[in-house]
Amino acid sequence: MNLSRTTNPKIISVANQKGGVGKTTTTINLGAALARSGRRVLLIDLDPQGNASTGLGIELADRIETTFELLTGDALPSDAALPTSVEDLMIIPATTDLSSADINLMSNEKRSYMLHDALHQPDIDALDLDYILIDCPPSLNILTVNAMIASDAVVVPLQSEFFALEGLSQLMLTIRDIRQTANSALRIEGIVLTMYDKRNNLCQQVEVDARENLGDLVFRTVIPRNVRLSEAPSYALPIIDYDPNSKGSHAYLAFAEEIISREPNPKPRRAS
Numbered sequence: 001m002n003l004s005r006t007t008n009p010k011i012i013s014v015a016n017q018k019g020g021v022g023k024t025t026t027t028i029n030l031g032a033a034l035a036r037s038g039r040r041v042l043l044i045d046l047d048p049q050g051n052a053s054t055g056l057g058i059e060l061a062d063r064i065e066t067t068f069e070l071l072t073g074d075a076l077p078s079d080a081a082l083p084t085s086v087e088d089l090m091i092i093p094a095t096t097d098l099s100s101a102d103i104n105l106m107s108n109e110k111r112s113y114m115l116h117d118a119l120h121q122p123d124i125d126a127l128d129l130d131y132i133l134i135d136c137p138p139s140l141n142i143l144t145v146n147a148m149i150a151s152d153a154v155v156v157p158l159q160s161e162f163f164a165l166e167g168l169s170q171l172m173l174t175i176r177d178i179r180q181t182a183n184s185a186l187r188i189e190g191i192v193l194t195m196y197d198k199r200n201n202l203c204q205q206v207e208v209d210a211r212e213n214l215g216d217l218v219f220r221t222v223i224p225r226n227v228r229l230s231e232a233p234s235y236a237l238p239i240i241d242y243d244p245n246s247k248g249s250h251a252y253l254a255f256a257e258e259i260i261s262r263e264p265n266p267k268p269r270r271a272s
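The sequence shown: position 109 = 109 (the UniProt record's numbering), numbered continuously.
Now the structure itself:
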């Protein structure tokens with residue numbers, strides 16, 4: 001396969017093997033906020049539950065070419081990508097077919113590189129992307145390994161709760177192993193505190209501990225516990241469209257700007 005491309009979108013995995021930490025919420029809303037900030041974004045739904053796809057209004061009947069076909073080489077990124085209600089935000093959706101990925105890919109000697117090869121082929125140029133965000137499943141399985149080998153960086157959502165930091169150790173070990181064996185360029189983009197309630201002493205202590213132990217790896221932006229943020233997926237909308245004036249909307253727009261500001265040579269905002 002010819003892996004020469006003319007565009008170079010930044011590929012970020014959003015990963016945490018613990019469920020319920022705001023991983024899919026972060027993928028959807030960061031993607032929407034980046035698009036609103038003048039970037040062209042593709043979401044890859046790599047979770048068999050397909051929550052990112054549902055949260056952006058992609059009906060099951062419309063999920064014809066999915067991330068499963070992308071992994072197996074039966075679909076090109078430009079064919080599988082679907083538009084969303086947010087301008088400049090696209091998604092390659094997922095179905096429960098992904099649940100059998102471990103078995104279906106087992107006989108392929110490049111099984112851990114399938115997503116890498118799919119996203120590093122010339123066809124990706126047709127989408128003219130600035131960012132690719134990968135919503136990983138809540139486990140460290142072959143799908144998450146594929147995502148990290150394909151990625152430039154990892155964003156880790158960290159719920160502001162007791163034992164939160166302890167749960168990071170296995171993820172950090174996995175990232176280290178992938179850096180040593182398959183993707184030496186992979187780095188941790190940062191850790192974003194989610195479901196944060198500034199009135200809660202425990203949340204405040206988790207933030208203090210995280211910043212003391214992880215320093216600049218922890219993003220300045222924190223994502224608040226916000227009812228409107230929880231409601232948005234049921235309306236198949238990102239928070240910036242469901243309630244633009246909510247704390248959750250402001251937080252994700254700030255998070256997107258922080259992501260952009262960390263680029264060594266940030267691309268200029270696209271003309272709307």
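Virtual Cβ for every residue (Gly too), placed ideally from N, Cα, C. As the structure is a computational prediction, the values presented were derived from the model and not from experiment.
Closest residue to residue i among the options (Cα-Cα distance)
i	options	result
ALA164	PRO9, ALA80, ASN29 and GLY19	GLY19
ILE149	ARG262, LEU71 and ASN226	LEU71
GLY38	ASP88, ASN8, PHE68 and PRO9	ASP88
LEU193	ARG211, SER184 and SER160	SER160
ALA52	ARG36, LEU82, LEU214 and GLU69	LEU82
MET114	ALA254, ASP74 and ASN200	ASP74
GLY55	GLU258, ASN245, GLU231 and GLU263	GLU231
Sub-8 Å separation of residue i and residue j beta-carbons
i	j	result
ALA15	VAL154	yes
ILE175	LEU217	no
ARG40	ASP130	yes
LEU158	VAL21	yes
THR66	ASP97	yes
TYR196	ARG225	yes
LEU240	SER249	Note that residue 240 is Ile in the sequence shown, not Leu. Against a cut-off of 8 Å, the Cβ pair of SER249 and ILE240 comes out as a contact.
ILE64	ILE91	no
GLY31	LEU127	no
ALA33	ALA182	no
ILE12	GLU189	yes
VAL145	SER112	yes
ASP152	PRO77	no
ALA101	LEU143	yes
GLU258	ARG220	yes
LEU229	THR25	yes
Under the three-state DSSP convention, the category residue i falls into
i	result
VAL227	helix
MET1	Unreliable positioning characterises MET1 in this predicted model, as indicated by a pLDDT of 43, which lies under 50. The coordinate reading is nonetheless provided below. Residue state, collapsed to three classes: coil.
LEU76	coil
LEU43	strand
PHE255	helix
LEU237	coil
LYS10	strand
LEU82	strand
Assumed close pair residue i, residue j - CB separation to whole angstroms, cut-off 8 Å
i	j	result
ASP135	ASP45	5 Å
THR27	LEU43	6 Å
GLN17	LEU140	5 Å
PRO238	ASN104	Wrong, their Cβ atoms sit about 31 Å apart, outside the cutoff.
8 Å Cβ cutoff, residue i in contact with chain B
i	result
ASP209	Absence of chain B from the displayed structure is noted, only one protein chain being present.
Q) Can you list, in chain order, the stretches of the alpha helix (DSSP H) that have 4 or more residues and sit fully within the region 148 to 216? A) 168 to 181 and 201 to 214
Q) In chain order, which alpha helix (DSSP H) runs of at least 4 residues are fully inside the region 86 to 153? A) 101 to 105, 114 to 119 and 142 to 150
Q.
Which complete alpha helix (DSSP H) runs does the region 10 to 37 hold, if anything under 4 residues is left out?
A. 23 to 36
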